[in-house]
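Residues 725 to 1483 (the working numbering) make up the sequence shown, in order. The beta-carbon is built from N, C-alpha and C at its ideal position, and this holds for glycine as well.
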Amino acid sequence: MTTRTSWAHNPAAKKLMEEIEAKRALPAAGRGASRRQFFKMTGLAGAGLVIGMAGACSKQNGAVAASDGQAADFNPYVQITPAGVIRIFAKNPEIGQGVKTSLPMIVAEELDAKWEDVEVVQSEIDESRYGPQFAGGSLSTPMNWDRLRQAGAIAKAMLIAAAAAEWDVAASECSARDSAVHHEASGKSLSYGALAEAAAKGPVPAADAVKLKDRSDYRLLGKRITGVDNEAIVTGRPLFGIDQTVPGMVYATYVKCPAVGGRPATVNIEEVKARPGVIDVFTIDGDGDPLSVMPGVAIVAKSTWAAFAARRALNVEWDESDASKDSTSASDEAAMTRATQAPDSTVESFGDVEAGFSGAAKTIEASYAYAFVSHAQLEPENTLAHYKEDGALEIWSPTQTPQGAVDLAAKVAGVEPEKVTLHQTRIGGGFGRRLMNDYVAEAVAITKRVGKPVKLQWTREDDMQHDFYRPGGYHFFKGGLDGDGRLAAWRNHFVTFSGDGESPITAGDIGKGVFPGELAGNYKVERSLLDWNIPSGWWRAPSSCTIAFATQCFAHELAVAAGRDHKEFLLEIMGEPRWLKEGDPGVMNTGRAAAVINLACEKASWGKTMPSGRGLGLAFYFSHQGHFAEVAEVSVSDDKAVTVHKVWVAADIGPVINMSGAENQCEGSVMDGLSTMMGLEVNFENGRALETNFDRYPIMRMRHAPEVDVHFIQSDFPPTGAGEPALPPLAPAVANAIFAATGYRVRQLPLSRSGYRFA
725 MTTRTSWAHN
735 PAAKKLMEEI
745 EAKRALPAAG
755 RGASRRQFFK
765 MTGLAGAGLV
775 IGMAGACSKQ
785 NGAVAASDGQ
795 AADFNPYVQI
805 TPAGVIRIFA
815 KNPEIGQGVK
825 TSLPMIVAEE
835 LDAKWEDVEV
845 VQSEIDESRY
855 GPQFAGGSLS
865 TPMNWDRLRQ
875 AGAIAKAMLI
885 AAAAAEWDVA
895 ASECSARDSA
905 VHHEASGKSL
915 SYGALAEAAA
925 KGPVPAADAV
935 KLKDRSDYRL
945 LGKRITGVDN
955 EAIVTGRPLF
965 GIDQTVPGMV
975 YATYVKCPAV
985 GGRPATVNIE
995 EVKARPGVID
1005 VFTIDGDGDP
1015 LSVMPGVAIV
1025 AKSTWAAFAA
1035 RRALNVEWDE
1045 SDASKDSTSA
1055 SDEAAMTRAT
1065 QAPDSTVESF
1075 GDVEAGFSGA
1085 AKTIEASYAY
1095 AFVSHAQLEP
1105 ENTLAHYKED
1115 GALEIWSPTQ
1125 TPQGAVDLAA
1135 KVAGVEPEKV
1145 TLHQTRIGGG
1155 FGRRLMNDYV
1165 AEAVAITKRV
1175 GKPVKLQWTR
1185 EDDMQHDFYR
1195 PGGYHFFKGG
1205 LDGDGRLAAW
1215 RNHFVTFSGD
1225 GESPITAGDI
1235 GKGVFPGELA
1245 GNYKVERSLL
1255 DWNIPSGWWR
1265 APSSCTIAFA
1275 TQCFAHELAV
1285 AAGRDHKEFL
1295 LEIMGEPRWL
1305 KEGDPGVMNT
1315 GRAAAVINLA
1325 CEKASWGKTM
1335 PSGRGLGLAF
1345 YFSHQGHFAE
1355 VAEVSVSDDK
1365 AVTVHKVWVA
1375 ADIGPVINMS
1385 GAENQCEGSV
1395 MDGLSTMMGL
1405 EVNFENGRAL
1415 ETNFDRYPIM
1425 RMRHAPEVDV
1435 HFIQSDFPPT
1445 GAGEPALPPL
1455 APAVANAIFA
1465 ATGYRVRQLP
1475 LSRSGYRFA
């Protein structure tokens, strides 16, 4: 087998993973660079006052201020034109998580700008000027929080200074609100537009010299603000990658072996070339890396329809001598065998687990399993690429990692990254799939061959057959309880999947801060790896999205075995309020955990009497710096028809930036989590995915959507995103509710494996 992949084989992917993990581990104060220097900029269209930053985002980590009327090579954050337009630049990809709205809101709050005056502009992609630009890890907010606040506060300070000079008064006598500076004593006011040019002539205050607002003074943050692209989306404007067109472009589809690692042996190229609208058909050897260009057959045509129609006539005999032979059924059997053997390694250990079990009054053992799943985002993979005669490469793509896409495209085209221009489009869903840029690489390989702008479009089957799947896994638990029903010991033998001896997605975090960890006193996580060749990847709330189901359901099993209320059992484990690692938001705070557990239970009237066949289930999980607890109310019929009536979500993600966006992410996480846990799985035989479209991958229907009631604790801790940490508690909350309603314990996902279905 020669096509196994790990992140180490792809420098761009490896670099991204390292950056995400490094940023997640840093305290909030350390996520900006130590040299955060803001500067005035000149040369942008509309002029006026433009504030940009150097140092933190510059490869040279220190730039020279603009002079002689020329624009310095800084990244702009905010521009205020003499006409009163306030442009705020959104640097990160918008994938539906709302950052194109929420990040500019942070600037606007400190600027005291009227939101109606703000025009949001998607920034260009340039790592040397903007630093990391990606959508992943729920990191957009924590990585940019301080920096964006300072940008807005600096611009406001400069506007106030300009107004004070105009009125010959002290700046301390002036205040700003609603896009204007006011002098209360005289009743005078000037708009930001009227002050923009004068402000641009003044000095730039140091970032640490400006006063940032207290949360109690926020007038914009925490409100419900509609997305800046909403009108364009509902009116069908061309925002997404799939919408992009350029003059003279042609259309392409790319066909790869259904089993990763196969390559075309014989192809009826001439027959397909003769099809209506077909321009060319050719094979591509590729580089054998699933993260780049795998061997396949390209069909180039005058329209997407013509390319897809010709594809149906394509007849390929695949050489599968080096292709994956992975099998889900075989891995299920292998996992059961590995559970009886010594583990490969110990990931994390606290206390003395064996002594804990020896002294336990009661021990419980259980095994949990979950399937591989696809990302199944709404917009299938696509990219428009144009390799030009001068060697320049221009790309339009819905990628979560645009800078990684630039590097990969340059490598495939054989040009320097400076020759590549990538236009960031809005993304029609990704959930981690578009952290990889294989579709960009394929489009580049095709456009270089044909010498024209090429729009590559994948089919739904391509998307699901060549995904980087969320890996399945198996957990073999043993728990111990003392004579008072308290947790005395916890062991988890985790069996997961490997490529080249690694399991970069699920195994990396299994022992790091995973509940209950050191709170159990005696705790051990062990790991064994099953050989696997089909690529896996990040899927919404990586690792946590599956581990939470297993750990939180087993915690409920222990509470039931102890004859304890689940809420009280969890709170007892949390103990006194404290950081598990002081000052590190990447680990749990037990006080914040207890607060969301109490809030969710309060809103759900935890402990209320339920009718027969109906129950409440609780789960807590900490991930991506977010503390979340969820309670689900579920009823189950005698024939296993499930109705999830309502889900209560309690969250502490620090100060909420956009209440509308945060609620949306929590509601979406509940829907996504419920849809996935109920019936979604991808199985493999002979290296092939068996579920390749929605006829065999039943996404939840609208009629099955529960009511979702979301509540936030508006704390003063550094903020984080909500798109990922809201998902993990859903599955265990529903599974625990099924037990409360029926007395039957769910230990595998999807629920359809156990005969459950939506009512």
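Less than 6 Å between C-beta atoms, sequence neighbours within five positions excluded: which residues of the same chain meet that for residue i?
| i | result |
| --- | --- |
| N1455 | The question names Asn, yet the displayed sequence has Ala at residue 1455. If we look at A1455 and ignore the five residues flanking it on each side, its Cβ neighbours are F1273, G1397 and M1401. |
| H1199 | Y1092, N1216, F1218 and A1274 |
| P1449 | S1347, H1348, G1350 and F1352 |
| T1052 | N1407 and F1408 |
| A887 | C898, V905, L914 and L919 |
Which residues in the same chain have their Cβ closer than 8 Å to the Cβ of residue i, if we skip the five residues on either side of it in sequence?
| i | result |
| --- | --- |
| V1470 | C1277, A1459, I1462, F1463, S1478 and Y1480 |
| G972 | K1176 and P1177 |
| I1321 | K1291, L1294, L1295, M1298, L1342, F1344, A1353 and A1374 |
| E890 | L914, L919 and A922 |
| L713 | Residue 713 lies beyond the stretch modelled for the chain, which goes from 725 to 1483, so this question has no answer here. |
| I884 | A895, C898, S899, A900 and V905 |
For the beta strand (DSSP E) holding residue i, just list the boundary residues, first then last.
| i | result |
| --- | --- |
| F1436 | E1431 to F1436 |
| F1032 | Per DSSP, F1032 belongs to no beta strand (DSSP E); it is in the alpha helix (DSSP H), T1028 to R1036. |
| N1216 | L1211 to S1222 |
| S1399 | Element bounds for S1399: not the beta strand (DSSP E) but the alpha helix (DSSP H), M1383 to G1403. |
| F1200 | G1197 to L1205 |
| H906 | A904 to H907 |
| S1252 | Y1247 to D1255 |
| I1003 | V1002 to I1008 |
| Y975 | V974 to K980 |
| Q1181 | V1178 to Q1181 |
| I1023 | G1020 to A1025 |
Please identify the residue among the options whose C-alpha is closest to the C-alpha of residue i.
| i | options | result |
| --- | --- | --- |
| D870 | D1011, P1443 and F1344 | P1443 |
| V809 | A889, Q857, S915 and G926 | S915 |
| S910 | E897, A904 and A922 | E897 |
| G776 | A930, A1031, T1064 and P1335 | A930 |
| R1338 | H1369, A1058 and D1308 | H1369 |
| A875 | A904, G861, K824 and V928 | V928 |
| G1310 | S862, F964, L827 and S1476 | S862 |
| P1452 | G1392, P1430, F1441 and H1428 | G1392 |
| Y1468 | G1385, D1362, E1405 and R1420 | D1362 |
| V844 | T1270, D1419, E1057 and V952 | V952 |
| D1206 | A1084, V842 and D1068 | A1084 |
| W1372 | M1160, G1403 and E1326 | E1326 |
| K980 | P1014, C1269, G1138 and K997 | P1014 |
| E995 | R961, A1037, G1331 and V970 | A1037 |
Assuming residue i contacts residue j under a Cβ cut-off of 8 Å, what Cβ separation, rounded to an integer in Å, is found between them?
| i | j | result |
| --- | --- | --- |
| P1195 | G1152 | Not a contact, Cβ separation roughly 24 Å. |
| G946 | A1047 | Not confirmed; about 53 Å, so no contact. |
| V1358 | A1465 | 6 Å |
| G1204 | T1087 | 5 Å |
| A814 | V823 | 7 Å |
So, for residue i: in the same chain, excluding its five sequence neighbours on each side, which residues have a beta-carbon less than 7 Å away from its beta-carbon?
| i | result |
| --- | --- |
| E1387 | V1434 |
| L944 | M829, A832, E833 and W839 |
| S675 | Outside the modelled stretch of the chain, which goes from 725 to 1483, sits residue 675, for which no answer is possible. |
| A1317 | M1298, F1344, F1346 and H1351 |
| D1191 | S1098, H1099 and R1157 |
| I957 | L963 |
| D1255 | S1222 |
| V1360 | G1337, V1366, I1462, A1465 and T1466 |
Residue range of the alpha helix (DSSP H) that residue i falls in?
| i | result |
| --- | --- |
| C898 | C898 -> not in any alpha helix (DSSP H); beta strand (DSSP E) instead, spanning C898 to R901. |
| L1282 | S1268 to A1285 |
| S1053 | T1052 to A1063 |
| R1316 | T1314 to K1327 |
| F1081 | V1077 to S1082 |
| A956 | N954 to V958 |
| L1294 | H1290 to M1298 |
| K1185 | At residue 1185 the sequence reads Glu, which differs from the Lys that was named. Looking at the DSSP string, the run of the alpha helix (DSSP H) that includes E1185 is R1184 to Q1189. |
| V996 | I993 to K997 |
Quick check: is the beta carbon of residue i nearer than 9 Å to any beta carbon in chain C?
| i | result |
| --- | --- |
| H1099 | Among the protein chains of the structure shown there is no chain C, as only one such chain exists. |
Inside the stretch 784-863 only - alpha helix (DSSP H) runs reaching at least 4 residues: If we require 4 residues or more, the alpha helix (DSSP H) runs fully inside the stretch 784-863 come out as 823-835 and 851-854.
Whole beta strand (DSSP E) elements within the stretch 1087-1136, 3-residue minimum: You should have 1106-1111 and 1117-1121.
Runs of beta strand (DSSP E) wholly within the stretch 1416-1473 (minimum 3 residues, chain order): The stretch 1416-1473 contains these whole beta strand (DSSP E) runs: 1431-1436.
Alpha helix (DSSP H) segments (min. 4 residues) lying fully within the stretch 1132-1175: When DSSP assignments are scanned along the stretch 1132-1175, the uninterrupted stretches of alpha helix (DSSP H) that are 4 or more residues long and fall wholly within it turn out to be 1162-1174.
Every unbroken alpha helix (DSSP H) within the stretch 867-942, with a cutoff of 4 residues, ordered by chain: List check, alpha helix (DSSP H) in window: 916-924.
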